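Asks: Please see the structure below; I have some questions.
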Amino acid sequence: MSKLDEDFDLAKSSILDEYGDDSEAELHGAKNADRIIGVALLFLCGVLYWQTFSFPATTWAPLGMAFWPRLLIGLLAIVGAVLVFRGHLEESRVSNLDWRGFAALAAAVVYVIVMEQVGFLIATPVFLFSSVVLLEPSFAIRRFVEAFLFAASGTVGGYLLFERFLNIGLPNGG
Amino acid sequence: MDSLDFQVIATALSGVLQPMSLLIIFLGVLGGIVVGIIPGLSTTMAVAIVIPFTFAMQPEVAMSLLVAVFVGGVSGGLVTAILVRMPGTPASIATLLDGFPMAQKGMAGQAIGNAIIASFFGTIISGIILVLMAPVLASFAVKFFFSEYVAVGLFALAAVVSISGDSVLRGLVTCLIGLLVATFGVSEEDGLPRFIFGSTEMMAGIGLIPALMGVFAVSQMMQEALRSLNKEAPVPAVVERILPTLADIRSNTVNYIRSSLIGTFLGVVPALGGGPAGLISYSQAKSASKKPELFGTGHVPGVIASEAANNATIGGALIIALTLGIPGDPVTAVLLGGLMIHGLQPGPQLFSNNPEIIYAIYFTVFFGSFCMAAILLTAVRPLSRVVEIPKRMLVPGLFLLACLGVYSLNNRLFDVFVMCAFGAMGFIFDRYRYPLPPFILGILLGPLIEGNFRKLYAADGDVWSLLTRPISAVFIILALLVVSYALIHKRRASARLR
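As you go down the protein sequences, you meet chains B and X in turn. Sequential numbering from 0 applies to the first sequence in numbering that gives the first Met the number 0. Sequential numbering from 0 applies to the second sequence in numbering that gives the first Met the number 0.
Structure follows, in structure tokens:
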């Protein structure tokens, strides 16, 4: 298998080079990640297992509803424990959790929440406009014009596509 | 299976052979190619985003569209792999090994031309194998009873956990989480809710489509939102004359056929998709060649080996997805989700009750390849410009599409929130190298395995038939073999890394 691994590594590394610094290997940066994940998993297993006690009883089936989830929870708990004890697993390229990814997602979630309140036609242009401006900030007038046009066309396009063409109601707000 | 009854085929195909449907397929391939070209946007994401839009369509047209996007997506990656050394989709990883050196030597057009023909060839051959083998496998699957489904499901999970990523343990984590997520909501078997945390909206469970879109589309968008802060769009190299000559094709016949067969076969294996297929085929071509030292310097057979194989995974993945309901790769996993959204279940009953779906899919594989070749051969130059679309517009635009699509499923914003939550989860998994394919298979196969296991126990009082019935015993043993092989191999590989 060594020749294939060579080619594989060659291909993988050539891609990682191009994609730049945010996906570079940090062998030591996330040393405790697996351990933390293990702990989180154990906590999750605890919560879910506790929940299984509130399942309605199904006495007519030999294997109740709780059987399968409990089996899975048990296995996951074992794996979680292994993660906690062994800590960082096989050395492999791991990237840091970049907060900017979550910021983008948070903005998107805010958009969805706001859309529920004020409706699609108001929330969407604001979202699109601010995304363009914030994702690649620049003070050029051109950027603002571009953002405005994108916000307008995106909203109109979305509206036409869904309300008119596909006949699907969009949130109206209020 | 008397599937060669032309009357049946004609009726089945009548839905797809309308001008509107053909146009839809063409647009699907075009869309898939565009997504395939843009690095950072995967075919899985494209298919996931298109699914909600197929709701209004007839099932056979819907599936044709999804398969068309699949074909386009797998093929499109070759353009950027060759021109800018960045594969548009993971499937084209191996194409850049010889494709980019060719572009550097001024032979970009020739590289692209050969890659297109190889992609076409690969899809067609795997399509032929699909048409021949799927009915055979389906009639074999008719014999499947409870234990066989449990065994096959476990084997698929074992395979995907062993193959994905660099750690079996991490694969297990995501797989188990996927299986657990599938239990949320009202249990099919019992009609009673599990894990609803007191919320009425959770009664319907975690929707498959919002979860898939979150994990494959939204998490990717989060990654892309990061990258948009960095570089300018890379400039593609100049492209000149394109078509390979007939002589080129004839001298590489063995390569074409071998690579297509490798791709089809690997496509059948759960979770192995275009990328690994391309690399393995490349490696094989290199060892079979009389001049292995030329590989990597800009050698046409390298490009052919990679592209024929990665496209051939389409047919292979479809074989096992349609007959057994087990996805051959992440894209087919999403495709199966699309099938189920229309109320259809994969398996032998699909072949007997809904042949129009099957024939529509067959047709799309072939017609789609022609569309793909036609589009790429004529419009590579303008198409390669899509790489220059700035991410600051692309990412929010795609997110908008994804939101609207998910919302359109049930008119619930709850689904959109679910999608975002899974997006965050997928992002975290990906950053810490927890593989995603086992999660998808877990969420897809969980109900199948649990349901059949409980029915088996209810019918027999025990589960010994998992080992006493021959077919299921074989799959259980295969599952154990695959996992052991992976554990040993990965231990060795990680030891080498230190």
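Glycine included, each C-beta is placed from N, C-alpha and C at the ideal position. These numbers were taken from a predicted model, which means no experiment stands behind them.
Let's see if you can read the secondary structure: which residues bound the alpha helix (DSSP H) around PHE161 (chain B)?
Replies: Segment: none, PHE161 (chain B) is in no alpha helix (DSSP H) and carries neither H nor E.
Asks: Less than 7 angstroms between the C-beta atoms of VAL34 (chain X) and LEU26 (chain X), yes or no?
Replies: Result no, Cβ atoms of VAL34 (chain X) and LEU26 (chain X) do not sit closer than 7 angstroms.
Asks: Closer than 9 angstroms by beta-carbon distance: list the chain B residues that pair up with PHE194 (chain X), in chain order.
Replies: What PHE194 (chain X) touches in chain B: LEU47, GLN50, THR51, PHE54 and PRO68.
Asks: Short of 8 angstroms in beta carbon distance, which residues of its chain neighbour ALA284 (chain X), apart from the five on each side in sequence? Order them along the chain.
Replies: So the list reads ASN254, ARG257, SER258, PHE294, PRO300, GLY301, ILE303 and ALA304, once near-sequence residues are dropped.
Asks: So with CB distances below 8 angstroms, who are the chain X contacts of LEU74 (chain B)?
Replies: Near LEU74 (chain B) (Cβ distances below 8 angstroms), the residues of chain X are LEU171 and LEU175.
Asks: Between the C-alpha atoms of PRO18 (chain X) and ILE24 (chain X), what's the straight-line distance to the nearest angstrom?
Replies: PRO18 (chain X) and ILE24 (chain X): Cα-Cα distance of roughly 10 angstroms.
Asks: Going by other Cβ atoms of all chains shown within 10 Å of its Cβ, with 16 needed for buried, is GLY152 (chain X) buried or exposed?
Replies: Label assigned to GLY152 (chain X): buried.
Asks: What three-state label does DSSP hand PRO192 (chain X) in the structure shown?
Replies: DSSP places PRO192 (chain X) in strand when its eight states are reduced to three.
Asks: Helix, strand or coil for GLY184 (chain X) per DSSP?
Replies: Of the three classes helix, strand and coil, the one that applies to GLY184 (chain X) here is strand, per DSSP.
Asks: For THR199 (chain X), which three-state DSSP category applies?
Replies: DSSP places THR199 (chain X) in coil when its eight states are reduced to three.
Asks: What's the gap between the Cα of TYR18 (chain B) and the Cα of MET371 (chain X)?
Replies: Legend: pLDDT at TYR18 (chain B) = 40, less than 50; position of this residue unreliable, value from coordinates given subsequently. Looking at the two C-alpha atoms, the distance is approximately 27 angstroms.
Asks: Run through chain X and tell me which residues come within less than 8 angstroms of PRO124 (chain B), C-beta to C-beta.
Replies: Chain X residues near PRO124 (chain B): none, gap ~11 angstroms exceeds 8 angstroms.
Asks: Which residues, taken in chain order from the segment 134–149 of chain B, show a beta carbon closer than 7 angstroms to some beta carbon of chain X?
Replies: Listed by position along the chain: LEU134, GLU135 and PHE149.
Asks: Listing by chain order, which chain X residues have their CB less than 9 angstroms from the CB of GLU115 (chain B)?
Replies: What GLU115 (chain B) touches in chain X: LEU412.
Asks: When the Cα of GLU449 (chain X) is compared with those of X:VAL160, X:GLU147 and X:ASN410, which residue comes out closest?
Replies: Selected option, being the one with the closest Cα: X:GLU147.
Asks: So with CB distances below 8 angstroms, who are the chain B contacts of LEU191 (chain X)?
Replies: What LEU191 (chain X) touches in chain B: PHE54, PRO55, THR57 and MET64.
Asks: I'd like to know whether the C-beta of ARG99 (chain B) is nearer than 7 angstroms to at least one C-beta of chain X.
Replies: Chain X contact via Cβ: present.
Asks: Starting from the Cα of LEU393 (chain X), find the closest Cα among X:LEU278, X:LEU242, X:ALA216 and X:PRO275 and give me that residue.
Replies: Comparing Cα positions, the closest option is X:ALA216.
Asks: Pull up the CB-CB distance for LEU65 (chain X) and VAL49 (chain X), whole angstroms please, since I reckon it's below 8 angstroms.
Replies: Correct: roughly 6 angstroms between the Cβ atoms.
Asks: Rounded to the nearest angstrom, what separates ARG430 (chain X) and PHE194 (chain X) at their Cα positions?
Replies: Distance between the alpha carbons of ARG430 (chain X) and PHE194 (chain X): 28 angstroms.
Asks: Would you say the segment 205–223 of chain X touches the segment 417–425 of chain X, given that touching needs at least three Cβ pairs under 8 angstroms?
Replies: With the cut-off at 8 angstroms, the segment 205–223 of chain X and the segment 417–425 of chain X touch.
Asks: Looking at the unbroken alpha helix (DSSP H) that takes in VAL73 (chain X), where does it start and where does it end?
Replies: Residues 58–83.
Asks: Considering only C-alpha positions, which residue in the set X:ALA478, X:PHE416 and X:LEU455 is nearest to PRO61 (chain B)?
Replies: The residue with the shortest Cα to Cα distance from PRO61 (chain B) is X:LEU455.
Asks: Whose CA, out of X:PHE52, X:ALA47 and X:GLN6, lies closest to the CA of SER407 (chain X)?
Replies: Nearest option by C-alpha distance: X:PHE52.
Asks: Please work out which residues of its chain come closer than 6 angstroms, Cβ to Cβ, to THR331 (chain X), disregarding the five sequence neighbours upstream and downstream, and give them in chain order.
Replies: Here the set comprises ALA316 and ALA320.
Asks: In whole angstroms, give me the CA-to-CA distance for PRO395 (chain X) and PHE138 (chain B).
Replies: Straight-line Cα distance between these residues: approximately 20 angstroms.
Asks: Between SER130 (chain B) and chain X, is any beta-carbon pair separated by less than 7 angstroms?
Replies: Answer yes: the Cβ-Cβ gap between SER130 (chain B) and chain X drops below 7 angstroms somewhere.
Asks: Report buried or exposed for MET418 (chain X), applying the criterion of at least 16 other Cβ atoms within 10 angstroms of its Cβ.
Replies: Under this definition MET418 (chain X) is a buried residue.
Asks: Is it the case that the Cβ atoms of PRO275 (chain X) and ILE325 (chain X) are separated by a distance below 7 angstroms?
Replies: Their beta carbons are not under 7 angstroms apart, which means PRO275 (chain X) does not touch ILE325 (chain X) by this criterion.
Asks: Mind checking the segment 419–448 of chain X against chain B and listing, in chain order, the residues whose C-beta falls within less than 7 angstroms of any C-beta there?
Replies: So the list reads CYS419, GLY422, ALA423, PHE426, ILE427, ARG430, TYR431 and ARG432, given in the order they occur along the chain.
Asks: Within this structure, are the beta carbons of ALA157 (chain X) and VAL482 (chain X) separated by less than 7 angstroms?
Replies: Yes; because the gap between Cβ atoms is below 7 angstroms, this pair is in contact.
Asks: How do the segment 115–133 of chain X and the segment 351–371 of chain X stand: do at least 3 beta-carbon pairs fall below 8 angstroms, yes or no?
Replies: Taking 8 angstroms as the limit for Cβ pairs, the verdict is that the segment 351–371 of chain X does touch the segment 115–133 of chain X.
Asks: Taking only beta-carbon atoms, is VAL415 (chain X) less than 7 angstroms away from chain B?
Replies: Yes, because at least one Cβ of chain B sits closer than 7 angstroms to the Cβ of VAL415 (chain X).
Asks: Can you list, in chain order, the residues of its chain with a C-beta nearer than 7 angstroms to that of GLU533 (chain X)? Leave out the 5 residues immediately preceding and following it.
Replies: Nothing about residue 533 (chain X) can be reported from this structure: the residues present for chain X run from 0 to 497 only.
Asks: How many whole angstroms separate the CB atoms of GLY73 (chain B) and LEU41 (chain B), which I take to be in contact at a CB cut-off of 8 angstroms?
Replies: Wrong, their Cβ atoms sit about 12 angstroms apart, outside the cutoff.
Asks: Return the chain-ordered list of same chain residues with a C-beta closer than 6 angstroms to the C-beta of GLU306 (chain X), the five sequence neighbours on each side being excluded.
Replies: Excluding sequence neighbours, GLU306 (chain X) sits near LEU77, THR94, ALA114, ALA117 and SER118.
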